[in-house]
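Read in order, the letters of the sequence shown correspond to residues 1 to 568 in full-length UniProt numbering.
Glycine included, every Cβ here is placed at the ideal spot set by N, Cα and C.
Bear in mind the structure is a predicted one, so any value in this text is a computation, not a measurement.
Only one structure is covered here, and it is reproduced in the block below.
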Amino acid sequence: MVSILAIRTFNPLGHFVSTQCVRAYAINSVRAGSKSSSVRAGSKNDTTRASSKKNKAGKSKLQLSARFKQNANKSQKADKFKSQKQFKYGLYGGLKENENKFLETNANLVEKITEFEELKLLPEVRKHVINLIKKDSLNTTEEIHPSPIQTIAIKRLSKNLMEPKLQVHAIAAETGSGKTMAYCAPLLDYLKRQEIETPEKWESIKDKAIIRSVILVPTLELVDQIYTTLTCIPDTLGIHVHKWTTGVDYQQLLENLKSRTDILITTPSKLLSLQRVRMISRADLILKRIEFVVLDEADTLLDKSWLEDTHKALKAMSDVNHLVLCSATIPNEFDRTMTKMFPNAIPLTTPRLHKLPKGINFRIINAAVSPYKGSKIKALAQTLYAIAYDGTDPGFEKRCIVFINEKKNVDNVVQKLRNEYGHDVVGLTGDMEGRTRLELIRPFISPPEKLTEQEKQIDKDLNDQETVNISGSNISIGNIENSNKASNFIPKLRVLVTTDLLARGLNFKGVRNVILYDVPITAIDLVHRAGRTARMRQSGRVFMIIDKKTQSWAKAVPTILKKNKALT
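So, in structure tokens, the structure goes:
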């Protein structure tokens, strides 16, 4: 007798995540006694047969026992291998393990497809996408190839792109992997194919006040970045891209709507505010005609603080054909919310999800040792000097981002770095007015500026001087006397001090240095903060300042990076 045992994995929200069948081997018992009256008691043959049956049953038991142990060993090895590939970082809720049935298929896709020409995109869309990537890249001499997540997303979405039914995809890939173009390429292709494949429909809407697609993000900095990415080259597709954020007045919004909006980039709350604009009649009908929606930084848009607005916005767009969720991390809470709201979402992930970028050189600075003697601000100032005078990026201005856990400490750190150590530093928090924030971050999201000839010579002289090692670390700085005085500082390094406000999604072009002044508390924070450098196959450095209170899981980060482990 063989029985099948069905095992179901049940999550707290009441949805079945997976179902698998495990075959349980049943052992036939040998019953004592006569099976029929024709079997003679005491017969020698019967005794032999009974003995034979017992031997066979014994062998069967041994074989099944051995097989069971073998399967158990395989399971233990798999669990051990799994644990070797994952590292639990932080104090609170972690990241979902990167496991889904499409992972192997996706990995094969990445190996097979290496050119944009191999992906199903209209020729004019393909050319436009490649030009957008070139314009957004620092190194324009290299050939443009699709990144792994771009290959996976474009391939999967293009399969049923024009089918008139709701399709939900969840894009998740490591920071700096090209996720914006992973969803923008299919979006542009969708909009252009509508014009070509349904000309009658196109003629009826091309001059109407409609919004065809929406990209929702959590911050105005991301609105501005994505808008700039999509409009950084002359429009060759006839696609109207607009943004609705701080700085765009109602009159400009109305003019944009009148001329047809193909892509609107905004936040959920701003989108909902369209319903309160008196000059727009029947805003509800405009929202209902939106067919393609992207939630970028979806784990933020679906967390507790954003969920209500995001849900209302999605509800207002009731005739959506494509919904794309995009994120660099899948926190466990986000995964549960997504499973509840979109149980049929198709995951599009890369094998490197939740791993720190390969190009990161991760360094630990111990503020507990001499000469800092517990002063983190001294350790920070010395690290900034080391970056300024280390001879990297010759001829270009350097930029560095310093992350702090709490916004109340930002101003204090800024004032000390500026007044006591002479650094060119600005601070940025969410309390600031939107336009001010955009002005402050502009030098950091723009390509690095070239130094003047005089600055280049000073730069060279400083880098040629004798260096001394920083105690408690593996970095060195120029041997500068009285280096803590403002008059000795050469303004070739720009420093931005901020919180997690800027750790999400922003592309800091050419920022090669990130300092974690406070140790990130969760794996989510670590991934996003460290991910502001070493983007799109570039290199970068992350310096983490620790002290006596730092936990062992934080000190282990350099080892995690070397062993190529994912965070959880």
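query	result
Pairwise C-alpha distance: His169 and Ile521	30 Å
Limits of the beta strand (DSSP E) - the one that Phe403 falls within	Lys398 to Phe403
Option in Ile346, Gln251 and Asn131 with minimal Cα separation from Asn100	Ile346
Beta-carbon proximity check, Leu428 vs Arg437, cutoff 7 Å	yes
Host beta strand (DSSP E) of Ile263 (start-end)	Ile263 to Thr266
Local conformation of Pro558 per DSSP, three classes	helix
Sheet register partners of Ser213 (DSSP bridge)	Phe292
Sub-7 Å separation of Ala316 and Pro268 beta-carbons	no
Ordered list of beta strand (DSSP E) runs contained in the stretch 344–393, each at least 3 residues	346–349 and 360–366
Chain-order list of residues whose beta-carbon lies under 6 Å from that of Val125 (same chain, five-residue window excluded)	Leu188, Asp189 and Lys192
Under the three-state DSSP convention, the category Gln167 falls into	strand
For Leu493, the nearest candidate out of Tyr421, Gln551, Lys563 and Val217 (CA to CA)	Tyr421
Enclosing beta strand (DSSP E) for Ser327 [first to last residue]	His322 to Ser327
Beta carbon of Thr350 nearer than 7 Å to that of Ala173	yes
As assigned by DSSP and simplified to three states, the class of Asp319	coil
Contact between the stretch 546–556 and the stretch 360–380 (3+ Cβ pairs under 8 Å)	yes
Identity of the residue in Glu297, Lys304, Lys88 and Leu253 nearest Leu222 by Cα	Glu297
Rounded C-alpha distance that separates Thr105 from Pro148	12 Å
C-alpha distance - Ser483 paired with Lys398, whole-angstrom precision	Any answer about Ser483 is weak, because its pLDDT of 42 lies below 50 and its placement is not dependable; what the coordinates show is given next. Their backbone Cα atoms lie some 19 Å apart in a straight line.
Assigned secondary structure, Asp525 (DSSP; H/G/I helix, E/B strand, else coil)	helix
Nearest-angstrom Cα separation, counted from Lys565 out to Gln252	49 Å
The stretch 196–207 / the stretch 323–336 touching (three or more Cβ pairs under 8 Å)	no
Backbone CA spacing between Tyr91 and Lys555 [nearest angstrom]	Correcting the residue type first, residue 91 is Leu in the shown sequence and not Tyr. Going by the C-alpha atoms only, they are around 14 Å apart.
Nearest-angstrom Cα separation, counted from Ala185 out to Val129	6 Å
Cross-strand partners of Val514 (DSSP beta bridge)	Ile401 and Val542
Per-residue DSSP class, three states only, for Gln251	helix
Own chain residues within Cβ distance below 7 Å of Thr300, not counting five before or after	Pro218, Trp306 and Arg504
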